[in-house]
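Everything below concerns the one structure shown next.
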């Protein structure tokens, strides 16, 4: 891979019939990029009617079926195997890329140390944003959260909705680890985290950057804006982190989480309490409580999965 990456393949994975319109908007946002992609690859995850519809409707898009295990990791790996670009970019099927998404992405790859890149993910709420929902936990709905950088900085891993990597990273690492991450409606995640850690471990001195100016909008459905999903997603994140730690070790697997728990979340609780006391915004108490409950549920998921794993190997 040379320092001046010039071609990018955009990979979009989809599985749900009820998200056809969202997938159409995602494809349209890539077609409308000011800097054109070399190709757009849509991977349909074990849904033949959905594949048939998009295969017939989009002749200029490579629409293929997931050839791996059902789930997001298998679908992404299938897209990678068919991609020809020097850079592979990933966009969720319910996201819309800003017109300058690729234009802002590609210059970062002039630096040969940069192996991956992520950007800001802005929520598109289908309903009014819940006033109890803390910004520190917007990762629950797949969006950027308070505590992420506000300028271009190295990070451990980007949010999967808006990320890209050099093509050779997948040859080096073997791609996304199947068995980690989302399958259909399962709220699990962290497959991109695990991949990024392995890539950084394999190439000392390499960088994965976060550029907040490189943005996409991610739809947040009414169901995901509720407390039940918040709880489910936090528990699933904790379980997923157990798998990541088992694969890459606790030091790297929990490096970002330590700062998040020790600095970002306490500041968020104080901010919520301050909003209630100083601004008379009583929802600040709910946001502070949401941070505490979110941390508690995530910890429960992690500890529960660790104990379950220990019992199975006892």
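Residue numbers (full-length UniProt numbering): 1 to 314. Ideal placement from N, C-alpha and C gives every residue a C-beta, glycine not left out.
Inter-segment contact for the segment 213-223 and the segment 88-95 is present: three or more beta-carbon pairs are separated by less than 8 Å. Exposed is the label assigned to residue 129, since fewer than 16 other Cβ atoms lie within 10 Å of its Cβ. Taking 3 residues as the shortest admissible run, the segment 46-91 contains the following complete beta strand (DSSP E) segments, listed from N- to C-terminal end: 62-65.
Residue burial annotation: residue 241 is buried, with at least 16 other C-beta atoms found within 10 angstroms of its C-beta.
Taking all protein chains in view, the Cβ of residue 191 is crowded by 16 or more other Cβ atoms within 10 Å, so the residue is classified as buried. DSSP lists 215 as the bridge partner or partners of residue 120. When the Cα atoms are used, residue 148 and residue 238 turn out to be separated by approximately 19 Å.
According to the DSSP assignment, residue 135 belongs to no beta strand (DSSP E), since it is labelled neither H nor E. The alpha carbon of residue 73 has as its nearest neighbour, out of 275, 44, 172, 132, the alpha carbon of 44. In this chain, the beta strand (DSSP E) harbouring residue 164 covers 162-166. For residue 297, the secondary structure class from DSSP, reduced to helix, strand or coil, is helix. Here residue 278 is exposed: its Cβ has fewer than 16 other Cβ atoms, across all protein chains shown, within 10 Å. Scanning 305, 287, 103 for the CA closest to the CA of residue 131 turns up 287. The segment 226-237 and the segment 97-116 do not touch, with fewer than 3 CB-CB distances between them shorter than 8 Å. Secondary-structure assignment with DSSP links residue 146 through a beta bridge to 148.
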